[in-house]
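In terms of the numbering used here, the sequence shown has 113 at position 109, counting the first letter as 1, and numbering is strictly consecutive.
Written below as structure tokens is the structure these notes are about.
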Amino acid sequence: MHTASCKCGRVSFEIELDSYNVGICHCSDCQKISGSHFANIYHKDEIKFQGAEFITVYDSSDWAKRAFCGVCGSNLYYKFKQAEGYSLAAGLFDDQRDFTLQTQLFVDKKPAYLNIANVTEDMTEAEIRAKYNF
Ligand SMILES: [Zn+2]
Ligand SMILES: [Zn+2]
5 MHTASCKCGR VSFEIELDSY NVGICHCSDC QKISGSHFAN IYHKDEIKFQ
55 GAEFITVYDS SDWAKRAFCG VCGSNLYYKF KQAEGYSLAA GLFDDQRDFT
105 LQTQLFVDKK PAYLNIANVT EDMTEAEIRA KYNF
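Structure follows, in structure tokens:
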């Protein structure tokens with residue numbers, strides 16, 4: 005069981021992760037919302053959040069919403085409106101020892117100052133739009 009919480013601890017949850025694959029998104033929305041890049045881990049099932057009353061959900065695009073703690077501002081998740089699952093902020097998890105970086109999205113939007121040395125599957129915006137048809 006993996007425990008996770010926001011910085012102030014008012015929002016927390018416990019889940020069994022199916023995969024420890026971390027993805028990083030460099031799109032401009034993720035940069036603005038995360039302050040840099042959004043490192044996240046996908047979880048397909050519903051999550052029972054403790055302190056759900058502290059979660060602010062933000063309608064960030066026609067297709068997705070994002071959530072943060074209304075007290076400390078911790079970025080919690082990205083979620084497609086029409087699909088199950090959450091892209092949870094990796095940094096919320098207390099134990100990240102088994103996490104591995106697998107993918108980088110919107111690599112063409114990555115700031116020049118950031119150079120991640122891991123070997124990852126990299127996709128540009130055009131490649132993502134072609135693959136997922138949006
Ligand atoms: Zn908080
Ligand atoms: Zn993004």
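Heads up, the beta-carbon is just placed ideally off N, CA and C, and yes, glycines get one too.
query                                                                                                                             : result
Curious, which full-length beta strand (DSSP E) runs of at least 3 residues does the region 37 to 125 contain?                    : 42 to 47, 59 to 63, 68 to 73, 79 to 84, 90 to 93 and 104 to 109
Going by DSSP in three states, Glu18 sits in which element: helix, strand or coil?                                                : strand
From Glu125, Gln100, Ala116 and Tyr90, pick the residue whose C-alpha is nearest to that of Thr170; which is it?                  : Any question about residue 170 goes unanswered here, given that the chain covers just 5 to 138.
Which word fits Ala43, buried or exposed, when buried means at least 16 other C-beta atoms lie within 10 angstroms of its C-beta? : buried
Indicate the three-state DSSP secondary structure (helix, strand or coil) for Cys31 in the structure shown.                       : coil
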